[in-house]
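Please read the structure below before turning to the comments.
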Amino acid sequence: MLQILSKLWRYRVGATGLVLCAQAFGAVAQVEADVVQVGQRWLESTVTQVSPVASPNGMALRMEVAVGALDARLRLSPCAKVEPFVPQGTRLWGRSRVGLRCLDGATRWSVFLPVTVKAFGPAWVAKSNINAGAVLMPDDAMEAEVDWAEDASPVVALPEQWIGQVATRSWVAGQAIRQSMVRAPQVFQAGTQIRVLAQGPGFQVTSDGQAMTAGVVGQPARVRMESGRVMSGVVQDARTIRVDM
1409 MLQILSKLWR
1419 YRVGATGLVL
1429 CAQAFGAVAQ
1439 VEADVVQVGQ
1449 RWLESTVTQV
1459 SPVASPNGMA
1469 LRMEVAVGAL
1479 DARLRLSPCA
1489 KVEPFVPQGT
1499 RLWGRSRVGL
1509 RCLDGATRWS
1519 VFLPVTVKAF
1529 GPAWVAKSNI
1539 NAGAVLMPDD
1549 AMEAEVDWAE
1559 DASPVVALPE
1569 QWIGQVATRS
1579 WVAGQAIRQS
1589 MVRAPQVFQA
1599 GTQIRVLAQG
1609 PGFQVTSDGQ
1619 AMTAGVVGQP
1629 ARVRMESGRV
1639 MSGVVQDART
1649 IRVDM
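Offset between the sequence shown (1-based) and my numbering: plus 1408.
See the structure below:
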């Protein structure tokens, strides 16, 4: 009889322990769920009110946010006041994170919540596959709505920013054109005779020289003057380098 009572007592104590553990786990899970909700509400309010960029026609981008989950190993204590914040050096754009810290609780804690911020707006996308080195023609892309925040490189939203440019790498159909995907074409080679436009406060002088490097519009290049002096300037067009004195 004593053995039976002893077994029943151990069973009762064990069951009580399991109930207490389940209650404690449920309380922790509820705290974490509440914290995630605080982060989501704050994030939605923040990114939908202020867009980091605007589309060329002045329309605000359509913002969407999605929150991930806190680290499963966390065991947060209850907190009466949770303050969201943006960690230093972090931008709410694409894959990012939001900080959450307890300001009023038995234990002060600070955690990070993974988030994804999407920004939908008009951009130009490739109609078909594009090979690296191809010069882009007006019919190579069409306008469509894309997620500007999907990639770190900004989208090329205006046609004059990509027509006539050169693809820096291969693309696939439907891919949005971004700044890292295009470059200005080379307009002259090293050894080409070019015009050098030297200018400074109150003067402008034009002379001839020989390019020492290939020339890309808007990029620096070196030129050897007739005197033998080597100068650096910015390529203006297929025949001109501007040198600021």
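C-beta: ideal position from N, C-alpha, C; glycine also.
Fair warning: this is a prediction, and the values are worked out from it, not measured in the lab.
Roughly how far, in whole angstroms, is the beta-carbon of P1593 from the beta-carbon of V1563, given that I think they are within contact range, below 8 Å?
-> P1593 to V1563, Cβ: 21 Å. No contact.
Going straight from the alpha carbon of C1429 to that of R1481, what length do you get?
-> In this prediction, C1429 scores a pLDDT of 34, lower than 50, which makes its location untrustworthy; the coordinate-derived value is nonetheless stated afterwards. Looking at the two C-alpha atoms, the distance is approximately 16 Å.
Supposed contact pair P1492 and V1446 - C-beta distance, whole angstroms, cut 8 Å | 6 Å
State yes or no: is the C-beta of A1540 within less than 7 Å of the C-beta of S1578?
-> yes
How is G1447 classed by DSSP in three states: helix, strand or coil?
-> helix
Quick one: what does DSSP say S1588 is sitting in, helix, strand or coil?
-> helix
Count the other C-beta atoms from every protein chain shown that fall within 10 angstroms of the C-beta of L1426, then say buried if there are 16 or more, exposed otherwise.
-> Note that L1426 scores 34 on pLDDT, short of 50, meaning its location in the model is unreliable; the coordinates nonetheless yield the value given after this. So L1426 counts as exposed.
For M1653, the nearest candidate out of Q1583, T1614, L1484 (CA to CA) = T1614
To the nearest angstrom, report how far apart A1534 and P1522 are at their CA atoms.
-> 31 Å
Can you give the Cα-Cα distance for V1638 and Q1597, rounded to whole angstroms?
-> 16 Å
Which residue comes first and which comes last in the beta strand (DSSP E) that contains D1555?
-> 1549-1555
Among V1525, P1567, A1584, Q1587, which has the Cα closest to the Cα of L1469?
-> V1525
Report yes or no: do the segment 1514-1521 and the segment 1538-1555 share at least 3 C-beta pairs separated by less than 8 Å?
-> no
Cα separation between A1542 and W1532?
-> 16 Å
R1398 lies in the beta strand (DSSP E); which residues open and close that run?
-> The question about residue 1398 has no answer here: the residues shown for the chain are numbered 1409 through 1653.
Quick one: Cα of A1474 to Cα of C1487, how far?
-> 23 Å
Could you please give me the residues that DSSP links to Q1601 through a beta bridge?
-> Q1618
Return the residue from the list P1609, P1495, V1643, D1559 that minimises the CA-CA distance to A1629.
-> V1643
So, is Q1431 buried or exposed, given that buried needs 16 or more other C-beta atoms within 10 angstroms?
-> Note that Q1431 has pLDDT 39, beneath the 50 cutoff, so the model's placement of it is unreliable and no number is given.
How many Å lie between A1388 and R1509 at the Cα?
-> Summary: the structure shown does not reach residue 1388, with the chain confined to residues 1409 through 1653, and so no result is reported for it.
E1452 versus I1571, L1500, A1557, I1602, residue with shortest Cα-Cα distance = L1500
Beta strand (DSSP E) segment containing S1640, residue limits = 1638-1643
Beta-carbon separation (whole angstroms), S1654 vs A1581, contact threshold 8 Å | An answer regarding residue 1654 cannot be provided, because it is not within the stretch 1409 to 1653 covered by the chain.
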